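Trainee: Mind having a look at this structure? Questions to follow.
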Amino acid sequence: MKKFIHIDMDCFYAAVEMRDNPKLANVPLAIGGNSRRGVLSTANYIAREFGVRSAMSNYHAKQLCPDLVIVPGRMAVYKEISSQIREVFSRYTHLVEPLSLDEAYLDVTDSQACKGSATLIAQQIRADIYNATGLTASAGVAPVKFIAKIASDENKPNGQFVVLPNEVDQFLEQLPLGKIPGVGKVTLERLNLKGLYTGRDVREKGVNWMQQHVGNFGVSLYQKCAGEYIGSVSTERIRKSLSVEHTYEYNKTSLQECLDQIPSLIDELTRRLDKQQLQSRINKLSVKVKFANFVVTSADQAYHQLNTEIFVQLFTKAYQRGLQQPVRLLGIGVGIKSQPERNLQLSILD
């Protein structure tokens, strides 16, 4: 039987700022840029009570919470603290899968710490993190990887939730599908239209029905809801894409204004690709456009290197979908091959 722990720091960036500046501890706080059109990275729990959320524009957040304090992020500090947290993990297992600076899966199946109790290991890890950093973490413990992630949200902040092996079946039956990793808002709406709301609904339909009506994702979803998917911790995350985007202070009101931003976006993406030595592994180009009405569209095309002309074509295609709506955000990105391939010529595909 596997033993998984999912550790999630509590509003990590905001918690660091509150720790380092006690004056921020009891005020609604968010991390983001200074521009009114900037986007928030995260918010503390006081701000969340007003409806402030990550990825929300500064302007919208201020409308919801006029007293909101927005401070710039300090990524170097967050990375340093994240390293301290990773060091804590290493005391208990070498099987650690980082999801971000503040979140990770741990496989403690073979750990001898705390007499092999995953529940006690999670408690001790949280205590060690607090002693090392002054920050709190929440944890989920389960014999199934994705259930551990769901469980870590149950007793936030500064708590943990355990799903025992004999509780997995009932947990999955009652589980709202929207809580399963990979089931986003649009996917959930489509599942709901088919009468699927909980794990029990998926089980009752059966794997053949799910494949016929939902496709390959339906098979994967069925396996999770039926308890057939256990999961494993990957100690090396494979990057599948890399992108950059920019939210503008003032909307772009024409296609040409959008196209004029391509050189600066390519420059930024090039720097990031060079830093991670990924230029030779590009296999797709993509663009993202967010309009003033917050509708988002994207377009992509297979190609093996950055190409201005292709980005122009993709932005033109995406812009036309907006029916002359002003544009607030533009982004470009690339797909990354999992392994370098030699002697392979990629053709341009529409």
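Mapping the sequence shown onto numbering that gives the first Met the number 0, position 45 (from 1) lands on 44, and the numbers just tick up by one. The beta-carbon is built from N, C-alpha and C at its ideal position, and this holds for glycine as well. The structure displayed is predicted, hence computed values, not measured ones.
Which stretch, first to last residue, makes up the beta strand (DSSP E) that contains S297?
Mentor: The count along the sequence shown starts at 1 and reaches residue 297 at position 298. Here the beta strand (DSSP E) through S297 covers V295 to A301.
Trainee: Of the choices G133, G226, G177 and N130, whose alpha-carbon is the least far from that of N165?
Mentor: Taking the sequence shown and counting its residues from 1, the one referred to as residue 165 is at position 166. Nearest option by C-alpha distance: G226.
Trainee: Is the shortest distance between the beta-carbon of D109 and the beta-carbons of chain B less than 8 Å?
Mentor: Checking the listed chains, one finds no chain B in this structure; it contains a single protein chain.
Trainee: Report the three-state DSSP secondary structure of R341 (helix, strand or coil).
Mentor: Residue mapping note: residue 341 aligns to position 342 of the sequence shown, counting from 1. Only weak support exists for where R341 lies, its pLDDT of 39 falling under 50; the coordinates are left without a value.
Trainee: On the three-state DSSP scale, how would you describe L129?
Mentor: The sequence position of residue 129 within the sequence shown is 130, counting from 1. Checking the sequence shown, residue 129 turns out to be Tyr, not Leu. Helix.
Trainee: Between the C-alpha atoms of F49 and E267, what's the straight-line distance to the nearest angstrom?
Mentor: In the sequence shown, counting from the first residue as 1, residue 49 sits at position 50. In the sequence shown, counting from the first residue as 1, residue 267 sits at position 268. Each residue's alpha carbon lies about 35 Å from the other.
Trainee: Give the straight-line distance between the Cα atoms of H59 and A46, rounded to the nearest whole angstrom.
Mentor: The residue given as residue 59 occupies position 60 in the sequence shown. The residue given as residue 46 occupies position 47 in the sequence shown. C-alpha separation (whole angstroms): 13 Å.
Trainee: What is the DSSP secondary structure of T92, reduced to helix, strand or coil?
Mentor: Start at 1 with the first residue of the sequence shown, and residue 92 comes out as number 93. Here T92 carries a coil assignment [DSSP, helix/strand/coil].
Trainee: Round the Cβ separation of I30 and A13 to the nearest angstrom and send it over; I've been treating them as touching at under 8 Å.
Mentor: Counted from its first residue, the sequence shown places residue 30 at position 31. Counted from its first residue, the sequence shown places residue 13 at position 14. Indeed, because the Cβ distance is near 6 Å, the residues count as touching under 8 Å.
Trainee: Just to confirm before moving on: does the CB-CB distance between I331 and R238 stay below 8 Å?
Mentor: By 1-based counting over the sequence shown, the position of residue 331 is 332. By 1-based counting over the sequence shown, the position of residue 238 is 239. No, the pair does not count as a contact, with Cβ atoms beyond the cut-off.
Trainee: If we ignore side chains and look at the alpha-carbon of each, how far apart do Q159 and P65 end up?
Mentor: To locate residue 159, count along the sequence shown from 1; it is residue 160. To locate residue 65, count along the sequence shown from 1; it is residue 66. The alpha-carbon atoms of Q159 and P65 are separated by roughly 33 Å.
Trainee: Residue range of the beta strand (DSSP E) that E188 falls in?
Mentor: Working through the sequence shown from its first residue, we reach residue 188 at position 189. From DSSP, E188 is part of no beta strand (DSSP E) but of the alpha helix (DSSP H) over K184 to L192.
Trainee: Looking at the secondary structure, which residues open and close the beta strand (DSSP E) in which G217 lies?
Mentor: Translated into the one-based positions of the sequence shown, residue 217 becomes position 218. That residue, G217, is in no beta strand (DSSP E); its alpha helix (DSSP H) goes N215 to C224.
Trainee: So, helix, strand or coil for T269, using DSSP?
Mentor: The residue you call residue 269 lines up with position 270 of the sequence shown. Correct three-state label for T269: helix.
Trainee: For R238, name the three-state secondary structure that DSSP assigns.
Mentor: For the purposes of this step, residue 238 is taken as residue 239 along the sequence shown, with counting starting at 1. Coil.
Trainee: Rounded C-beta distance between S297 and S285? I'm assuming under 8 Å.
Mentor: Here residue 297 corresponds to residue number 298 of the sequence shown, with the count starting at 1. Here residue 285 corresponds to residue number 286 of the sequence shown, with the count starting at 1. With a Cβ gap of about 6 Å, S297 and S285 count as contacting.
Trainee: Quick one: using the 10 Å Cβ neighbour count with 16 as the cut-off for buried, is F310 buried or exposed?
Mentor: Here the question's residue 310 lines up with position 311 in the sequence shown. The residue in question, F310, is buried, as its Cβ has 16 or more Cβ neighbours within 10 Å.
Trainee: Could you check the C-alpha separation between L63 and A141 for me, to the nearest Å?
Mentor: Translated into positions along the sequence shown, residue 63 becomes position 64. Translated into positions along the sequence shown, residue 141 becomes position 142. Their Cα atoms are separated by approximately 37 Å.
Trainee: Does the stretch 244 to 260 come close enough to the stretch 193 to 205 that 3 or more CB-CB pairs lie under 8 Å?
Mentor: no
Trainee: Applying the 10 Å Cβ sphere with the 16-neighbour rule, what's the burial state of R341?
Mentor: Within the sequence shown, the letter at position 342 stands for residue 341. In this prediction, R341 scores a pLDDT of 39, lower than 50, which makes its location untrustworthy; the coordinate-derived value is nonetheless stated afterwards. Result: exposed.
Trainee: With DSSP run on the structure shown, which of helix, strand or coil describes G230?
Mentor: Start at 1 with the first residue of the sequence shown, and residue 230 comes out as number 231. Correct three-state label for G230: coil.
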